[in-house]
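In this note's numbering, the protein residues as written are 9 to 85.
Beta carbons: idealized from backbone N, C-alpha and C, even for Gly.
In this text the structure is predicted, and so the values were computed from the model without any measurement.
Some notes on the structure that comes next.
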């Protein structure tokens, strides 16, 4: 099992809010496919998957604050 983690944007951004999930458990995902939208203090962006497979679990709810490097979803190949 692999995890998708919140990426780092910019030099100082460490906190972001997960605005919306673009995928749900059971959905398949490819590498570099958007899975969620997040917002930092300066911008909003899409989180893309670093692995291909099926999303098995979302670890963060919409509206939750997440930190850079924090796992946000689990994926099985």
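Taking the alpha carbon of residue 46 as the reference point, which residue from 17, 82 and 33 has its own alpha carbon closest?
Per the Cα distances, 17.
Check the Cβ-Cβ distances between residue 79 and every residue of chain C, and say whether any is below 8 angstroms.
Protein chain content of the structure displayed is limited to a single chain, and chain C is not contained in it.
What are the start and end residues of each continuous beta strand (DSSP E) run of 3 or more residues lying completely inside the stretch 13 to 54, in chain order?
Those beta strand (DSSP E) runs which fall completely within the stretch 13 to 54 and span 3+ residues are 23 to 29 and 42 to 47.
Following the continuous beta strand (DSSP E) through residue 79, name the residue where it begins and the one where it ends.
Where residue 79 is concerned, the enclosing beta strand (DSSP E) stretches over 79 to 84.
Measuring straight from C-alpha to C-alpha, what distance separates residue 24 and residue 54?
Their backbone Cα atoms lie some 12 angstroms apart in a straight line.
CB of residue 74 to nearest heavy atom of the ligand MN: below 7 angstroms?
As presented, the structure is devoid of all ligands, the ligand MN included, so that no description of it is given.
In three-state DSSP terms, what is residue 73?
DSSP places residue 73 in strand when its eight states are reduced to three.
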